[in-house]
Each structure stands twice: as C-alpha cells, then as structure tokens.
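Okay, structure first, notes after.
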Amino acid sequence: MQDMKPEDLASKDYQEANLTYHDGTQRKVLYTEVETQFPDGCLIVSRTNLDGIITHLNKSFVEMSGFLEEELIGQPHHILRHPFMPPAAFADLWQTVQKKEKWHGYVKNLRKDGGFYWVYATVIPNIRNGEIISYTSVRRKPSAKKVAECMELYPTLF
Amino acid sequence: MPYTMTISPDFKPDLISGWYIFNTWLQKTISEDIHLELVNDFSELDQLIENDAIDLIYANPFDMTKLIRDKSFLPIAKPIGKVDEAVIIIKSDSDIDVLESLQPGLKVSVTDAPDVNMVGTILLESADITPDDIEKVDCSNYITVAKNVINGTTDIGFILADAYDELSSLVKKQIKPLIRSKIHMLHHTFLLSPKLADRQAEIIAALTSLHNDDNGLKLLNSLEFEQWQLVENEDAEFMIDLMDTLQPK
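Just so you know, the sequences run in chain order A and B. Residue 62 in our numbering sits at position 62 of the first sequence, and the numbers go up by one each step. Residue 363 in our numbering sits at position 205 of the second sequence, and the numbers go up by one each step.
So, in structure tokens, the structure goes:
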C-alpha cells in the first residue's frame, strides 16, 4: 500500500502516523478530525480472502471509504485502519474468526481523504465443507453512546 | 405422490392466483404433479420444513439457513430487482423524527416475518435500544401493525418496505417512516429439495428463460416479477452468512 498523500485530504489540518500492520508492512497515514456520519439504514459489506485481501464489496463501502472500487479490490482490509484503533482490537478479531467464531466490535475507520467514520462491525468466517474459505464483514450504524465509551477506552489499550 | 410446493407466507394475498398459475406452468414444464400448499403463517411453515413435507419453496431469506444448511435444499433463482427491506413506522403527529430520539421501553407492533423483525431490531440498535428494551405486540398482518401505531396501542411498528409502499393513502397520512433499511442484499429465493436435485438444471433453465416469450412475461407479471435470475450455491451461502452477521447482539 502506498503512503497517504496530503493532496488526497479533504482538510489541510491533518496529523501523521506510521502504522505497522500484522504482516510487518508499514504505511504513513494522514488523518483529520473530519467525521462522516454512517448513513441511516445502510450496511457496509465486504469480503476478504484468508489473507485479509478485499475480494468483494458493496456500494456503501465505496461511498463511506472515499476510495474507488478499483482502488479497494485487491488491497488488504487494513487500508481502512485508523491510528486511533488499538492493534489489540484487530488481534482479537483475527483470533476469534480463526476459531470459526463471530467477532463484534466498534471500529473507527480511516477514509481515503483522511477523515473517519465509526461503525459497529461484525466479522464472520465463511465456512464451506468445514473449512474457512473467506471472511465477511458487515458494518452498521453504531450507537452514539457506545462510540463515546470506545473513545474513552481505546486510548488505554495501546 | 405429487411433489409439494409452498410460498413464504409473507407474499401478498393479491398474488395467490399468480402462484397457482405459476404452479400449473411448472407442472407442465417439468411433467410432474406438484401440489401448491399455502400456509397461513411462519409457524405453520416451520412445521412443514421440520417434517420434510416441502419439495419446492419460494423462501424468505431467514428460512434459507435451515433449508440450505440443515435440509440440503438447492437454490434455483430469485426475482430480479426484488429485495427485502424494512420500515419502522411511527404515528405521523409524533414529535419524534429520528430514530435516536426513541427511548427504551417501547411497545412495537410486529408480524411474524422473521427477516423484517430482524432488520427492524438491528435498526433500533443504533438508538441503543436492544431486544430486551422493547415489548413486542404480535399482529397478523401489516395493516394491523399500522392500525396499532395509529391508535397508540404501540409506539412504533416494523413493516416490510414493499407492504408500506402499498398502504392506502388514508393509512399513510396517519403514520410516518422513521427509518427505512437500504440493505439491498436480502431477497426471497426459489429453492428445490434434494429429492429433485436431478431436475435442478432443467428448472433453472425454465425459470430463467421465462421472460423470453409473451406468455412467460404474463405469468411473471401475475407474480409482479420482471424476470427470474439464477442464484448460484455460493450466492445463497453468502446471503446466509450475511443473515448470520445481522443477528441482534
């Protein structure tokens, strides 16, 4: 994945962070305090292969992430990782789904333009003939109260 | 012994004759006797499914899990452009205009349509209202749901979006949609029991080419469908996975 560029941002008022992902790769991300609200009644749906590479997505995913579909297909799902999110949350996600169980959590996602959006995410392993063949992630609108709790909690988990 | 076909009980009553015509066409097309068994509600349907008494079914997405995963049914086709969405309604003169203004302790009118109730329930989650925070009032149909909301028996109601769109203007004047789901991915599907597995390809071909002639179009019209579209096994499995992610917390 390429580092984020200032010219892609919606605001000139941004911060920088260097993220290291579980596969050892690194990326410089630029982020702003501009929030995009989750659209009422919608779901963001995507599917990844076993390595977390995006293979399918829906229109709401494209709209909320700010990327084009072709910029997302083939990319790791952590293209949306926001530096606010503690790595422990994603470690728990992977451990859970690899045990063939469902994972739920509140996630702050990073947009292409540096802004963010909160989601309530559910990830399940797609099991066929007893084997995990892929993962499906569905994100829906989170409760404001739960998001406020996570804003307090997550900084303590680094 | 004829095969038995049934239709998910959330179909519009106006379409009963269309389904009888469809059944006659299907019998002729595959040269088999098929009895159309209509059920009154989802508990009656559950009973038929449990007793392995169904061979062909136009199934609600919620029932697909047990039909495909537990009973090894095979997906055939879905009507193009028909998706299952839910609307949460409230009395039109209510001060509440956004979901987030709702408070726990709500009385909710519901039918027995499991997909509509599931989507309605998850829509409430964003307002911090869990299934434990609501009292459900069962209704036999969507008109009763609307009436309960209008006369104040319940605070809100869950309605299938298609049914909401078809409510009379008199009823619609007295309610307002608080939120409408835009999931776009849940749909009914025509399924076949494993007993008919060797006829799957033939039935898929018949259904998905039905729109190619005038008689077929008339038949589709009587079901308010434009065209049947093939549903692959993996498409059906994906929808089942999706339903799994949508179960309330």
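Cβ atoms here follow ideal geometry from the backbone N, Cα and C, with glycine treated the same way. The structure presented is a predicted model; accordingly, all values stated were derived computationally and were not measured.
Neighbour-count burial assignment, residue i, 16 or more Cβ in a 10 Å radius
i	result
residue 126 of chain A	buried
residue 255 of chain B	exposed
residue 67 of chain A	buried
residue 115 of chain A	buried
residue 90 of chain A	buried
residue 156 of chain A	exposed
residue 178 of chain B	exposed
residue 263 of chain B	exposed
residue 22 of chain A	exposed
residue 352 of chain B	exposed
residue 151 of chain A	exposed
residue 139 of chain A	buried
residue 111 of chain A	buried
residue 198 of chain B	exposed
residue 270 of chain B	buried
residue 218 of chain B	buried
residue 129 of chain A	exposed
residue 160 of chain B	exposed
residue 328 of chain B	exposed
residue 74 of chain A	exposed
residue 50 of chain A	exposed
residue 243 of chain B	buried
residue 283 of chain B	buried
residue 273 of chain B	buried
residue 41 of chain A	buried
residue 404 of chain B	buried
Anticipated Cβ contact below 8 Å, residue i with residue j, distance rounded
i	j	result
residue 309 of chain B	residue 297 of chain B	Residue 309 of chain B to residue 297 of chain B, Cβ: 12 Å. No contact.
residue 32 of chain A	residue 9 of chain A	6 Å
residue 398 of chain B	residue 164 of chain B	With 8 Å as the limit, residue 398 of chain B and residue 164 of chain B do not qualify as a contact, their Cβ atoms being about 20 Å apart.
residue 53 of chain A	residue 86 of chain A	Not confirmed; about 23 Å, so no contact.
residue 47 of chain A	residue 136 of chain A	5 Å
residue 268 of chain B	residue 313 of chain B	Their Cβ separation, rounded to whole angstroms, is 12 Å, which puts residue 268 of chain B and residue 313 of chain B out of contact at 8 Å.
residue 119 of chain A	residue 38 of chain A	6 Å
residue 365 of chain B	residue 176 of chain B	No, residue 365 of chain B and residue 176 of chain B are not in contact; Cβ-Cβ is about 14 Å, not under 8 Å.
residue 257 of chain B	residue 285 of chain B	5 Å
residue 248 of chain B	residue 334 of chain B	6 Å
residue 349 of chain B	residue 358 of chain B	Residue 349 of chain B to residue 358 of chain B, Cβ: 10 Å. No contact.
Per DSSP, cross-strand counterpart(s) of residue i
i	result
residue 105 of chain A	A:121
residue 267 of chain B	B:295 and B:315
residue 56 of chain A	A:47
residue 42 of chain A	B:340
residue 248 of chain B	B:314 and B:334
residue 182 of chain B	Paired residue(s): none; residue 182 of chain B is not in a bridge.
residue 18 of chain A	A:28
residue 288 of chain B	Residue 288 of chain B is not bridged to any residue.
residue 116 of chain A	A:35 and A:110
residue 349 of chain B	B:215 and B:233
residue 164 of chain B	B:215
residue 76 of chain A	A:53
residue 134 of chain A	A:126
residue 386 of chain B	B:237
residue 194 of chain B	B:163
residue 140 of chain A	A:120
residue 81 of chain A	A:109
Cβ-heavy atom distance, residue i to the ligand ZN, below 7 Å
i	result
residue 165 of chain B	Absence of the ligand ZN from the depicted structure is noted, as is the absence of any ligand whatsoever, leaving it without description.
Alpha carbon of residue i to alpha carbon of residue j, nearest angstrom
i	j	result
residue 226 of chain B	residue 107 of chain A	32 Å
residue 16 of chain A	residue 6 of chain A	10 Å
residue 103 of chain A	residue 376 of chain B	47 Å
residue 186 of chain B	residue 194 of chain B	14 Å
residue 131 of chain A	residue 95 of chain A	16 Å
residue 396 of chain B	residue 233 of chain B	12 Å
residue 392 of chain B	residue 331 of chain B	43 Å
residue 275 of chain B	residue 316 of chain B	6 Å
residue 246 of chain B	residue 142 of chain A	18 Å
residue 167 of chain B	residue 389 of chain B	21 Å
residue 290 of chain B	residue 29 of chain A	41 Å
residue 231 of chain B	residue 172 of chain B	27 Å
residue 369 of chain B	residue 387 of chain B	10 Å
residue 36 of chain A	residue 181 of chain B	49 Å
residue 383 of chain B	residue 236 of chain B	9 Å
residue 252 of chain B	residue 337 of chain B	14 Å
residue 326 of chain B	residue 301 of chain B	10 Å
residue 121 of chain A	residue 207 of chain B	32 Å
Under 8 Å by beta carbon: chain C residues contacting residue i
i	result
residue 258 of chain B	In the displayed structure, chain C is absent; the protein chains listed are A and B.
Item checked: Contacting positions in the segment 313–345 of chain B - beta carbon closer than 9 Å to chain A -> 337, 338, 339, 340, 341, 342 and 343
Output, in sequence order along the chain, the residues in the segment 51–79 of chain A whose CB is closer than 9 Å to any CB in chain B.
56, 58, 59 and 60
**OP:** Taking only beta carbons into account, state which residues of the segment 24–49 of chain A come closer than 9 Å to chain B, listed in chain order.
**Re:** Within the segment 24–49 of chain A, the residues whose Cβ lies closer than 9 Å to any Cβ of chain B are, in chain order, 38, 39, 40, 41, 42, 43, 45 and 47.
Practice item. Please name the residues in the segment 81–110 of chain A whose beta-carbon is closer than 8 Å to at least one beta-carbon of chain B, in chain order. Key: 102 and 104
**Prompt:** Of the residues that make up the segment 280–301 of chain B, which ones have a beta carbon closer than 8 Å to any beta carbon in chain A?
**Reply:** From the segment 280–301 of chain B, only 280, 281, 283, 284, 285 and 286 have a Cβ closer than 8 Å to chain A.
At a Cβ cut of 9 Å, what residues of the segment 181–204 of chain B count as close to chain A, listed as they run along the chain?
none
- Query: Quick one, which residues of the segment 395–407 of chain B are near chain A if we go by CB-CB under 8 Å, in chain order?
  - Reply: Those residues of the segment 395–407 of chain B that come within reach of chain A (Cβ to Cβ, closer than 8 Å) are 395, 396, 399, 400, 402, 403, 404 and 407.
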